[in-house]
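Participant: For the sequence shown, position 83 matches number 119 in the working numbering, and the numbering has no gaps at all.
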Amino acid sequence: MSEQIEQFATLASESLRLIARLNGSAVFSNTELTIAEWLALRQVALTDGSRQSALASKIGVTRQRAAQIAQRLRERGLLEMSEPSADNKARLLTVSDEGLRLLSQTNDGLEEMLGPQSAQVSGMMERAVKGTRLVSRRFKAVEDAAAEEITAA
37 MSEQIEQFAT LASESLRLIA RLNGSAVFSN TELTIAEWLA LRQVALTDGS RQSALASKIG
97 VTRQRAAQIA QRLRERGLLE MSEPSADNKA RLLTVSDEGL RLLSQTNDGL EEMLGPQSAQ
157 VSGMMERAVK GTRLVSRRFK AVEDAAAEEI TAA
């Protein structure tokens, strides 16, 4: 196997391990949130309201999965859905006061878990994020090209 494949396999494996470790951590079990739900709450709070379709692309899930996450968060009283206005059919998700409290509690727990970081660790995390985005864009470009070939045929 090539070094590139080995590096990709290691990245995928370590990412899955990290997600499993986080999902099982006290930070998430104490709040009864999954990582996907935390990401959704965080994104809606950052944008001060979000459409479900925009939420899906921002947190990297399908529209169907975003709808399921939003539904669960609404059932828990953490997200609210606005009624569509007469001139705008879009309904926005917003974070409730309880959702903001739980988001803050989760973020505080993550801050404590991460601890004080050296500039070196922060730089490594930043490079890892950039590298992951590059790989993701490359995969999307290959998928888009394959879809175009199928359409043209």
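Where is the CB? At the ideal position from N, CA and C, for every residue including glycine.
Should alanine 76 and alanine 106 be called a contact, given that it needs their Cβ atoms to be closer than 8 Å?
Facilitator: Taking 8 Å as the Cβ cut-off, alanine 76 and alanine 106 qualify as a contacting pair.
Participant: Does the beta-carbon of serine 86 have 16 or more other beta-carbons within 10 angstroms, so that it is buried, or is it exposed?
Facilitator: When all chains shown are included, serine 86 counts as buried.
Participant: Alpha carbons only, please: which of Met117, Lys176, Gln104 is nearest the one belonging to threonine 70?
Facilitator: Nearest C-alpha to threonine 70: Gln104.
Participant: Establish whether the CB of alanine 81 and some CB of chain D are separated by less than 8 Å.
Facilitator: As a matter of chain content, chain D is missing from the structure shown, which is built from one protein chain.
Participant: Hey, would you say leucine 109 sits closer than 8 Å to serine 118, going by beta carbons?
Facilitator: Not a contact, by the Cβ cut-off of 8 Å.
Participant: Using the Cα positions of alanine 56 and aspartate 133, report the straight-line distance between them to the nearest angstrom.
Facilitator: Their Cα atoms are separated by approximately 28 Å.
Participant: Can you round the beta-carbon distance between glutamate 116 and threonine 130 to whole angstroms, since I take them to be within the 8 Å contact cut?
Facilitator: 5 Å between Cβ atoms; contact.
Participant: List the endpoints of the continuous beta strand (DSSP E) containing methionine 117.
Facilitator: Looking at the DSSP string, the run of the beta strand (DSSP E) that includes methionine 117 is 115-117.
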